[in-house]
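Structure first, commentary second.
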DNA sequence: ATAGACATGTAAGGGGTTACATGATTTA
DNA sequence: TAAATCATGTAACCCCTTACATGTCTAT
């Protein structure tokens, strides 16, 4: 089983969810370390159920059609924790910005600076987004809506998201400084 | 054309290289933002040549068989710079460590702490590696072995590599602190 | 002579993204 | 009544990784 499947299992361990919810979770809360679309989620859920890692309950949708809400079984939790207790593989990053940055020294003056400014704004925005999620998590924990296990797991990923974006914003600033200093005409 | 191909073009613009060199460059200097193996590199090089983006010169290998050394043409440089001047897509990260961290609150005490220690060591090591590359780059620039364009491009990626690893090490420390405070028995 | 680095490629298989397909419910 | 959100799935294609295939040169 791949990382992505374990991510789903972990999200279900934090709280029972439907495939639709899982997809939203990937989009809104996990996209900075793992992604998935419907075509990964639904087949995975079916497989989990065949293997006895999850069970589902059909619930009438509050605002929409019927939902299949999945929860992890004891077996599923065991599989998850056995995997989580092993050392992790190196993380993989594909960053187009850095590939473009390889050529920033060849671009006419100012162009790269503009691109860095845009990148800075996008990362600053993401930073604010994760900070918002963090406030939401703390609130939900205080109101007793979130278990200690789920709180710790989610907080860890949000801390990383925030740290990563702060670090990226800093890079944008330092990169701009370097380009200003190294400008062709300077 | 995809990001990975432009990365190759940029590396060739910094300095002419063979497919073998390109592969080493991906492994040693670009793996923190873009990866590629032989089976991407050689077909891409052949395609670049068909499109007139690069030309190659066959050079007797100094310690080994013959090498095909590729350089970018004017057309290749144009294609590269045209692409580099466009805003970049969001970076994609696949971080198994964070997926495992989702379950750290469910792991028996101490286990997660041990995993974080191991992760910290690996990232600290990478940090030292990038710092070494940075020293090498500065030396090579001072000795006039590297053009200003190549220096700026490479420096930008190394700055990012260093910042990203520093930030990851910090996360490992903060995560450990959180787990110590939130331990089941605490 | 054998291991290891140098060097260039091809083939196959699996996983993941994108697009497709369908339908219910609510809100404007 | 149209758009947006809710909700569950399938199919096809592409890319990427892994493995395969071959050969040279140097150093031990």
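Residue numbers (the working numbering), protein chains in the order written: chain A, 57 to 242; chain B, 57 to 242.
C-beta: ideal position from N, C-alpha, C; glycine also.
In this text, all values refer to a predicted model and were calculated from it rather than measured experimentally.
**Study point:** Exposed unless 16 or more other CB atoms sit within 10 angstroms - verdict on residue 229/B
**Key:** exposed
Exercise for review: Check the Cβ-Cβ distances between residue 137/A and every residue of chain B, and say whether any is below 9 angstroms.
Suggested key: yes
Check your understanding: Counting only beta-carbon atoms, is residue 171/B nearer than 9 angstroms to chain A?
Key -> yes
Review point. Under three-state DSSP, which class holds residue 202/B?
Key: In this structure, DSSP gives residue 202/B a state outside helix and strand, which the three-state scheme calls coil.
Review point. What is the DSSP secondary structure of residue 88/B, reduced to helix, strand or coil?
Key: coil
Review point. Do the CB positions of residue 212/A and residue 154/B come within less than 9 angstroms of each other?
Key: In this structure, residue 154/B lies closer than 9 angstroms to residue 212/A by Cβ.
Point to revise | Continuous beta strand (DSSP E) stretch holding residue 126/B: start and end | key: The continuous beta strand (DSSP E) containing residue 126/B extends over residues 123–128.
**Study point:** Residues of the stretch 107–118 of chain B whose Cβ lies closer than 8 angstroms to any Cβ of chain A, in chain order
**Key:** none
Exercise for review: Note down, in chain order, every chain B residue with its Cβ under 7 angstroms from the Cβ of residue 256/A.
Suggested key: No answer is possible for residue 256/A: the residues shown for chain A start at 57 and end at 242.
Practice item. Within 10 angstroms of the Cβ of residue 241/A, are there 16 or more other Cβ atoms? Answer buried if so, exposed if not. Key: Bear in mind that a pLDDT of 49 at residue 241/A, under 50, signals an unreliable position, so the model cannot answer this.
Practice item. Output yes if chain B places a C-beta closer than 9 angstroms to the C-beta of residue 147/A; else output no. Key: yes
Exercise for review: List in chain order: all unbroken alpha helix (DSSP H) runs of 4+ residues lying wholly within the stretch 158–238 of chain A.
Suggested key: The stretch 158–238 of chain A contains these whole alpha helix (DSSP H) runs: 167–198 and 204–237.
Review point. Any C-beta of chain A sitting closer than 9 angstroms to the C-beta of residue 77/B?
Key: no
Practice item. Would you check if the distance between the CB atom of residue 17/B and the CB atom of residue 63/A is smaller than 9 angstroms? Key: Given that chain B is displayed from residue 57 to residue 242, the structure contains no residue 17/B and the question cannot be resolved.
**Study point:** contact_flag[the stretch 189–199 of chain A, the stretch 129–137 of chain A] where n(CB pairs < 8 angstroms) is 3 or more
**Key:** Not touching, per the Cβ criterion.
Check your understanding: To the nearest whole angstrom, what separates the beta carbons of residue 112/B and residue 105/B, a pair I think is in contact under 8 angstroms?
Key -> Their Cβ separation, rounded to whole angstroms, is 7 angstroms, which keeps residue 112/B and residue 105/B in contact under 8 angstroms.
Exercise for review: Give the DSSP-derived three-state secondary structure of residue 150/B in the structure shown.
Suggested key: Reduced to three states, the DSSP call for residue 150/B is strand.
**Study point:** residue 118/B: first and last residue of the uninterrupted beta strand (DSSP E) it sits in
**Key:** It is not in any beta strand (DSSP E) - residue 118/B carries neither H nor E in the DSSP assignment.
Check your understanding: Per the contact definition of three or more C-beta pairs closer than 8 angstroms, is the stretch 176–191 of chain A in contact with the stretch 206–225 of chain A?
Key -> Touching, yes, given that three or more Cβ pairs across the two stretches are closer than 8 angstroms.
Exercise for review: With DSSP collapsed to three states, give me the class of residue 133/B.
Suggested key: helix
Exercise for review: Find the nearest neighbour of residue 100/A within the set 78/A, 205/A, 120/A and 61/A, judged by alpha-carbon distance.
Suggested key: 61/A
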